[in-house]
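Undergrad:
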Amino acid sequence: MKKLNLLSIIIVLFYSICYSEENSIYCFDANENLFTAYAFMNAAGFNHDWSEMHQIRVEIRDYLDRNLCSEFKAKMNDFYKQYGGGDFSSYGIYALLLSEPPKFIIKYDTLKQKDFLKEYDGLDDLYRDFYEKAKVKELWKKYKPIIQRINDEYKPFAEITLNDIILIQINWGSVGGFYYI
């Protein structure tokens, strides 16, 4: 069960949905915005995990703990606590709504998602500071190939899983047929 949960976390952590060269509706490219968001969460105090964390997470968490000043870590932790902690999926969604680092500017129509954004007011500024202070660009250069290799290993299984998830019932009436979309 732990391996299945780890697979789920890895999929959520490092995959974003897009159109790829293989005519898949999914893109399994490592994503710097997600990497930044999850590194930020670890430095801010996210501490919900099984008895063992993935080695990449341990290394990044140790690096951030050693290299970020305590005042900035406290500021990040205050934000994290103020907005109820959150989880990887909500911070990941927010990260995918931003432009590429180091700018982190909202890149969609904010009028449609005002309530969602209220939960993360000021997070884009914190991401910009974090990206610079934590030297995320250098971390990303080191870990991107490793994360991409992991993504590629899980890709066949993740595609099957994601395709099964999007199986929906279109007709709620008497026919009740199931269709893939």
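In terms of my numbering, the sequence shown opens at residue 316 and continues consecutively. No residue lacks a Cβ here, since even glycine has one placed at the ideal position from N, Cα and C. As the structure is a computational prediction, the values presented were derived from the model and not from experiment.
#1: Mind checking whether the beta-carbon of Lys450 lies closer than 7 Å to any heavy atom of the ligand FMN?
#2: If we count Cβ pairs, one from each stretch, closer than 8 Å, do we get three or more for the stretch 338-357 versus the stretch 443-461?
#3: Expressed to the nearest angstrom, what Euclidean distance is found between the alpha-carbon atoms of Lys422 and Tyr409?
#4: In the DSSP assignment, what are the bridge partners of Gly421?
#5: Using 10 angstroms around the beta-carbon of Phe419, count the other beta-carbons present and answer buried if the total reaches 16, otherwise exposed.
#6: For Asn466, count neighbouring C-beta atoms within 10 Å of its own C-beta (all shown protein chains included) and say buried if the count is 16 or more, exposed if not.
#7: Any contact between the stretch 431-441 and the stretch 377-385? By contact I mean 3 or more CB pairs, one from each, below 8 Å.
#8: Going by beta carbon distance, what residues of the same chain come within less than 8 Å of Tyr395, once the five residues before and after it are set aside?
#9: Could you please give the first and the last residue of the uninterrupted alpha helix (DSSP H) stretch that includes Leu477?
#10: Quick check on Pro416: buried or exposed, where buried means 16 or more other Cβ atoms within 10 Å of its Cβ?
#11: With a CB to CB cut of under 7 Å and the five nearest residues on each side skipped, what residues in its chain are close to Leu477?
#12: Check this for me: beta carbons of Phe387 and Lys448, under 8 Å apart or not?
#13: Is the beta carbon of Glu468 sitting closer than 8 Å to the one on Ser339?
#14: Using the rule of at least 16 other Cβ atoms within 10 Å of the residue's Cβ for burial, across every protein chain shown, is Ala389 buried or exposed?
#15: Is Ala354 closer than 8 Å to Ile371 when the C-beta atoms are compared?
TA: According to the structure shown:
#1: The ligand FMN is not part of the structure shown, which contains no ligands of any sort.
#2: Contact holds: three or more Cβ-Cβ distances are below 8 Å.
#3: 11 Å
#4: The sequence given here places Ile at residue 421; Gly does not occur at that position. Bridge partners of Ile421: Leu413.
#5: By the neighbour-count rule (16 or more Cβ atoms within 10 Å), Phe419 is buried.
#6: buried
#7: no
#8: Met356, Ala359, Gly360, Phe361, Gly401
#9: 451-480
#10: Counting the other Cβ atoms within 10 Å of the Cβ of Pro416 gives 16 or more, which makes it buried.
#11: Tyr341
#12: yes
#13: no
#14: Around the beta-carbon of Ala389, fewer than 16 other beta-carbon atoms lie within 10 Å, marking it exposed.
#15: no
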